[in-house]
Amino acid sequence: MGESEAEQSFFKRHWVGFKDFWAERFSFLENYSRFVNRDEPLPSWSSSDVEQFIASDPIHGPTLKTARQAVSFAITGSVIGAASTAGVAWKYSKSPHGTALSLGAGAVFGFTFGQEVASHWYQLYRLDTMAAQVKFMEWHVFRRRSPLLSHHVPVIGEASHGFLLTTESPRSYFQSLCVFNRWHSEGRNICS
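Residue numbers (the numbering used here): -10 to 181.
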């Protein structure tokens, strides 16, 4: 198994290099790996959960709200692209399979164009929408797992974490903080 680089075949060396090259280019996907590669699926959420996160997180909430608004541009672009390309294909070819291919390709192209329009319209290039989505998923998982969290008010800890804890009483606040520190291994444990 421990082949040196000289012992590896030409194709194997290039395949390893190719994989390393693209792994470096798509390293941002590691942000989602803890949500995608799970033994149990993520708990489902509703739009009220998203609105609660948006209202409670002053850092990532507005970014997530803007990203959600930008989706309407992408969907509109997808519908317009699909309908227009499929209509032109049907008008000139009367071919069902060509029309179906045009419908799919037009939807993808329209979606992409709509995303670009939304990116400029809402200036999404200035925001870190991926971090906001990851923080929402972390918040949602943490909220579902913690029985001590009934409502969410202020942000505790570093501003980059964006986790929310209860402030019903000092005791429940301390318990929530302990749950947070046990769950989030980066923080120091003040529960012991």
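Every residue, glycine too, gets a C-beta built ideally from N, C-alpha and C.
Which value, in whole angstroms, describes the spacing of the CA atoms of residue i and residue j?
| i | j | result |
| --- | --- | --- |
| Ile43 | Phe131 | 16 Å |
| Ala59 | Ala12 | 28 Å |
| Ala78 | Gly95 | 11 Å |
| Arg115 | Ala56 | 12 Å |
| Phe0 | Phe10 | 15 Å |
| Ser108 | His3 | 37 Å |
| Gly70 | Lys83 | 18 Å |
| Val5 | Tyr111 | 40 Å |
| Ala121 | Leu113 | 12 Å |
| Ala63 | Phe102 | 7 Å |
| Phe7 | Lys80 | 44 Å |
| Val39 | Asn26 | 22 Å |
| Gln(-3) | Pro30 | 39 Å |
| Tyr21 | His86 | 36 Å |
| Trp34 | Phe15 | 27 Å |
| His129 | Gln104 | 26 Å |
What is the DSSP secondary structure of residue i, reduced to helix, strand or coil?
| i | result |
| --- | --- |
| Ser33 | coil |
| Ser84 | coil |
| Leu116 | coil |
Using 8 Å for Cβ pairs, my map puts residue i next to residue j. What's the rounded Cβ distance?
| i | j | result |
| --- | --- | --- |
| Phe100 | Leu53 | Wrong, their Cβ atoms sit about 20 Å apart, outside the cutoff. |
| Val106 | Gly66 | 7 Å |
| Pro51 | Arg133 | Contact flag wrong, Cβ pair sits at about 23 Å. |
| Thr74 | Ser91 | 4 Å |
- Which parts of the region -5 to 62 are runs of the alpha helix (DSSP H), unbroken and 4 residues or longer, counting only runs that do not cross its ends? -1 to 14, 22 to 25 and 36 to 45
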